[in-house]
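S.K.: Under my numbering, think of the first position of the sequence shown as 399, with each following residue one higher.
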Amino acid sequence: MIGVVATLKVQPDKASDFEKAFLDLAAKVKANESGCLMYQLTKSKTEAGVYKVLELYASTDALKAHGGTDYFKAAGAAMGPFMAGAPVIEYLDAVE
């Protein structure tokens, strides 16, 4: 399994727009990607505008398929105006 933690910084006054766009993406991921075992948006309790996406994929191929979907690419473009910086992505190997 492959884990991903994506840290996203959002303009605080755009948080509700970002959340709406992200939750639309998450619904599509959950409906169409059986290799995505978890795709959860979380919000920092201490830093305004900081979100983390917790992701877990069954395989490297499932992770690659996720990034290649049209809806993922469209969501990135849609969320761009709400961001306050580039995302920071951390890739993790599952310990089993």
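Note that beta-carbon positions come from the ideal geometry of N, C-alpha and C, so glycine has one too. Just so it is clear, the structure is predicted and the values come from calculations on it, not from any experiment.
From Ala-425 to Pro-479, what does the alpha carbon distance come to, in whole angstroms?
M.R.: The residue labelled residue 425 in the question sits at position 27 within the sequence shown. The residue labelled residue 479 in the question sits at position 81 within the sequence shown. If you take the alpha carbons of Ala-425 and Pro-479, they lie about 21 Å apart.
S.K.: Look up Lys-450 in the DSSP assignment and give the residues it is bridged to.
M.R.: In the sequence shown, the residue the question calls residue 450 occupies position 52. Answer is Thr-405 and Thr-440.
S.K.: Looking only at C-alpha atoms, which of Phe-420, Phe-470, Ala-463 and Ala-446 sits nearest to Gly-433?
M.R.: Position 35 of the sequence shown holds residue 433. The option with the nearest alpha carbon to Gly-433 is Ala-463.
S.K.: With a cut-off of 9 Å, does the C-beta of Ala-472 fall near any C-beta of chain C?
M.R.: Although the question refers to chain C, the structure presented lacks it and comprises just one protein chain.
S.K.: Under the three-state reduction of DSSP, which class applies to Glu-445: helix, strand or coil?
M.R.: Within the sequence shown, residue 445 is the residue found at index 47, counting from 1. If DSSP states are grouped into helix, strand and coil, Glu-445 belongs with coil.
S.K.: Which of the three DSSP states, helix, strand or coil, is assigned to Met-399?
M.R.: If you number the sequence shown from 1, residue 399 lands on position 1. Three-state DSSP puts Met-399 in coil, outside helix and strand.
S.K.: Classify Glu-488 as helix, strand or coil using the three-state DSSP reduction.
M.R.: Here residue 488 is taken as the residue at index 90 of the sequence shown, counted from 1. Secondary structure at Glu-488: strand, using DSSP grouped into helix, strand and coil.
S.K.: Which same chain residues end up closer than 7 Å to Ala-482 when comparing Cβ atoms and leaving out the 5 residues on each side of it in sequence?
M.R.: The sequence position of residue 482 within the sequence shown is 84, counting from 1. Only Lys-407, Val-408, Gln-409 and Gly-447 meet the Cβ criterion.
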